[in-house]
Amino acid sequence: MSEPTSPAGGLSRRRLFGLVGAGTAGVLAAGAAGGALGRATVAGAPASDPADDVVEFTGRHQAGIVTPAQDRLHFVALDVTTDSREELVAMLQAWTAAARRMTAGQDAGPLGAVGGEQFAPPDDTGEALGLSASRLTLTVGFGPTLFTADGRDRFGLADRRPEPLAELPSFANETIDPAISGGDLCIQACADDPQVAVHAVRNLVRIGAGVVTVRWSQLGFGRTSSTTTAQATPRNLMGFKDGTDNLKAENAGALDRFVWVADGDSGSDWLAGGSYLVTRRIRMHIEVWDSSTLDEQEQTIGRTKGAGAPLGQREEFDPVGFTARVDGGFAIPETSHVFLAHPTNSGTAILRRGYSFVDGSDGLGRLDAGLFFIAFQRDPETGFVQIQRNLRLDTLNEYIRHTSSAVFACPPGVRDDADWWGRALFEV
Amino acid sequence: MSARSRRTPVLAAGLLAALTTAACGGDPGTGEGASGGAAADTVTVAASDDACQVAESELAAGTHSFAVTNDGSQVTEFYVYAEGDRVMGEVENIAPGVTRELLVELPAGDYETACKPGMVGDGLRNALTVTGEAAQLSEDETLAQAATDYQRYVRSQTAALTEQTAAFVDAVKAGDVEGAKALFPVARTYWERIEPVAEVFGDLDPRIDGREGDQAEGEDFTGYHRIEQALWVGGTTADMAPYADQLLADVQEVVSLADQTTLDPLQLANGAKALLDEIATGKITGEEDRYSHTDLWDFAANLEGSEAAVQALRPYLEEADPELVAEIDERFAATEAELEQYRSGDGWLLYDQLTQEQLRGLSDSVTALTESVSRVAAVVADR
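This is the structure we're talking about:
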């Protein structure tokens, strides 16, 4: 019931907190009264229990990684424009305070979209009024260029950069556009309502004005992975079930081994409990795929299109039998996507959390569509990179092309009301 | 600082009415500086291309007359600034060989004078100390003063606007394409600095500054941009004489209206933000001057006009929210520094000479500045 307080030391000389927590005691008190009700209740929406679709913001790990994958995504990568570490820290504190509120279904700031003064810009943009929290999660990551860029130690963080946090190598079958790649920071916003996800990113970007600028962003309209056994496996835009053998929240042992940075790992003094996030915008040659035969499609993927069963099997979750043979050959072709990507043959595992996208059309009459691939792993080199190298001869490559690439280190979760994103990194 | 309370629109409207009345009650001044009465003396200023010799560096509080003689080869300007470059008085557009007078009332305090040969940059500065009883203004008086200060700024701009537009119109009617092209961004500078005032007068703004396609059905495409199109696309002034005459008449009309208008403090605050919004929506996109690509001239003018409106409110803001003033100062300076990279001669690079990355740098700085300036209105209304 109590209003989350501003983190200690959050009163920067900057006015970031004009939006999220500074001001007088009177303001905070008013915010507590209004804010605790939540947007949906205030706006008179149906009186469901607002807690039903709230994902806890604090915890050992950031939410939005093993959290059951929500339906919608708004992902944004940002570049830091200030040289001031103090301003950067103040923004991260302000972001944390706003994220706490928004993930609880409240407005971004204590006054809210309509609770402030008539002659001041509202501290919330308002498009989420009347909408519930919609299982919103906000997950933040730090890119390699936050630590050093062009050989320059930008914020005194150069010696805190964990070794695995480095630009990804180049791979076969990619045409990477630098304008939609990389970034000093990222925010992954996932929610079941797209407007709630967009609202969250928009308000955080606004709070960051003068400190960060948006480098690129990506909307995703449908999840392509399950991160718990309770979720049905969704289909991607190729029409196939995607993420059947994904790492799942229930398998804590595998998560500790493949997803979470552990004590003793490089950078674990601030990153333990965190994870590395890799994004790849994968354009699908939709029209070419659609005109290929069902047999070609299934041979390419290595699963049946209907049930999603491994070729040679009947049901989706039947074991993938790489030694099973049909007509003298392997049931699952050695150049199929499943064959090459599966942990059995790639030797590692990642937690996938991607989303389908359609960014209009490409000017040549074709959909500009595909999969915005997101993966979390304990180390990119032994995670995504290892798998992607193994996909060099993947027949799926004929139908896809990677067009963007980014890697971020996502710090551990925000522990309590006084904690903020990246505190262990910035507070020595 | 008092606890911020939510104000009802009715109360706020009453407050504004009171402020406007207070502001209108003051003497709006007769010259380009604030005049509280007859000048005690005349301070001569010898302005050249590389010097600005002001006869006095210490004055007694009161009304003073500055006689500015331009001994240089470039057109110059003369300013008296209070802290933060708040304009106490200015004379624009002093041609070589010409002497112009500035009447300005100066309370006790520290000031700077500046000559700006070529009308660019920070100018040649001198300190000016004014001694005597410092008037303690109440909050209401401080805000009323802001309105009159800004009106003084508007008048200095409208005078130059009329002159430069007349020169532009003359060049157009004389068939001097190159001369008209050179004057086009200069005349627009004075317009763009005070556009929020002009926008108060309904259909004059679209007639003067409308872009092709903005007109209602049956309305002609007129104003600066009509002539811009002829000059840059057609490379001719043919058939432009009627448009040139109409432009000058419209500008004169808007000037006479603007000279009699006092913006209330809230309008000032909103005007300061509106000018930055103009940059964000029209200049950073290259849509304003789509034929000439002189958008950076307008960008600079919008920025200067916004700063002038904020600075008029400065004495009040420094009491009410010094932290905000510091941040606004910092962000104006950052935006000016960003823009300064693209200066070219007496003007600016053309819009299409900037890379996407350079435009992005400008855009980022304006976005940050706008966030700060957007908070001024509430501080004013919160009094």
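Sequence lines, in order, name chains C and D. Going by full-length UniProt numbering, the first sequence opens with residue 1, and the numbers climb by one from there. Going by full-length UniProt numbering, the second sequence opens with residue 1, and the numbers climb by one from there. Backbone N, C-alpha and C define an ideal beta-carbon position, used for all residues, glycine too.
Shown here for glutamate 77/D: same chain residues with a beta carbon closer than 6 Å to its own, the five before and five after excluded, namely Glu92, Lys116, Met119 in chain order. Counting only runs of 4+ residues, the alpha helix (DSSP H) found wholly inside the UniProt domain "Dyp-type peroxidase N-terminal" (62–221) of chain C occupies 85–103, 144–147, 194–207, in chain order. Isoleucine 400/C: member of the beta strand (DSSP E) spanning 400–410, first to last residue. Annotation for serine 356/C: Gly220, Phe221, Gly222, Thr224, Asn236, Leu237, Leu371 place their beta carbon closer than 7 Å to its own, counting only its chain and skipping 5 residues before and after. If only uninterrupted beta strand (DSSP E) runs of at least 3 residues are considered, none is enclosed by the segment 285–309 of chain D. For aspartate 110/D, DSSP records a beta bridge to Thr129/D. Closer than 8 Å at the C-beta level to chain D, one finds these residues of the segment 112–131 of chain C: Gly115, Gly116, Glu117, Gln118, Phe119, Ala120, Pro121.
The beta carbon of aspartate 362/C sits closer than 7 Å to the beta carbons of Asp368 from its chain, once the five residues preceding and following it are set aside; these are given in chain order. Of all residues in the segment 306–317 of chain D, none has a C-beta nearer than 8 Å to a C-beta of chain C. For alanine 209/C, the nearest beta carbon of chain D is closer than 8 Å to its own beta carbon.
By the rule that beta-carbons nearer than 8 Å mark a contact, glutamate 371/D touches chain C.
Taking 8 Å as the cut-off, the Cβ atoms of valine 380/D and leucine 324/D do not count as close. Within chain C, the C-beta atoms nearer than 7 Å to that of threonine 367/D come from Ala209, in chain order.
Here the alpha carbon of alanine 147/D sits roughly 58 Å from the alpha carbon of histidine 402/C.
In the structure shown, glutamine 377/C falls within a strand segment according to DSSP collapsed to helix, strand and coil. Taking the Cα positions, glutamate 371/D is about 27 Å away from cysteine 190/C.
Within the segment 130–186 of chain D, the complete alpha helix (DSSP H) segments at least 4 residues long are 139–173, listed from N- to C-terminus. Across the set Val320/C, Val288/C, Gly360/C, the C-alpha of Val288/C shows the shortest separation from the C-alpha of asparagine 397/C.
Taking a C-beta cut-off of 7 Å against chain C, none of the residues of the segment 268–285 of chain D qualify.
Short of 7 Å from the beta carbon of aspartate 394/C, and not among the five residues preceding or following it, lie these beta carbons of its own chain, in chain order: Thr335, His337, Leu340. Bridge pairing for isoleucine 94/D: Thr76/D [DSSP].
Ranking Glu357/D, Val255/D, Asp50/D by CA distance to the CA of alanine 160/D puts Val255/D first. For leucine 266/D, the C-beta contacts it makes with chain C under 7 Å involve Phe119, in order along the chain. Closer than 8 Å to the CB of threonine 81/C there is at least one CB belonging to chain D. Valine 320/C: not part of any beta strand (DSSP E); DSSP gives it neither H nor E. Close partners of alanine 381/D in chain C (Cβ separation under 9 Å): Glu117, Gln118, Phe119, Ala120.
A Cβ-Cβ contact shorter than 8 Å links leucine 263/D with valine 197/D. Chain-order list of chain C residues neighbouring serine 156/D: empty, with the shortest C-beta distance near 28 Å, by a criterion of under 7 Å.
When the five nearest sequence neighbours on each side are left out, the beta carbons in the same chain lying within less than 6 Å of the beta carbon of threonine 137/C are those of Val55, Ala63, Gly64, Thr67, Cys190, in order along the chain.
Within chain C, the residues whose beta carbon sits less than 8 Å from that of alanine 377/D are Phe119, Ala120, listed in sequence order.
For asparagine 70/D, the enclosing beta strand (DSSP E) covers residues 62–70. With distances taken between CA atoms, tyrosine 111/D lies nearest to Asn126/D out of Gly97/D, Arg100/D, Asn126/D, Thr236/D.
Where arginine 283/C is concerned, the enclosing beta strand (DSSP E) starts and stops at 275–284. For chain C, the residues of the segment 320–343 of chain D that bring a beta carbon within less than 7 Å of one of its beta carbons are Glu323, Leu324, Glu327, Arg331, in chain order.
Rounded to whole angstroms, the separation of the alpha carbons of aspartate 153/C and glutamate 427/C is 17 Å.
Taking a C-beta distance under 8 Å as the contact criterion, arginine 281/C and serine 404/C qualify as a contact pair.
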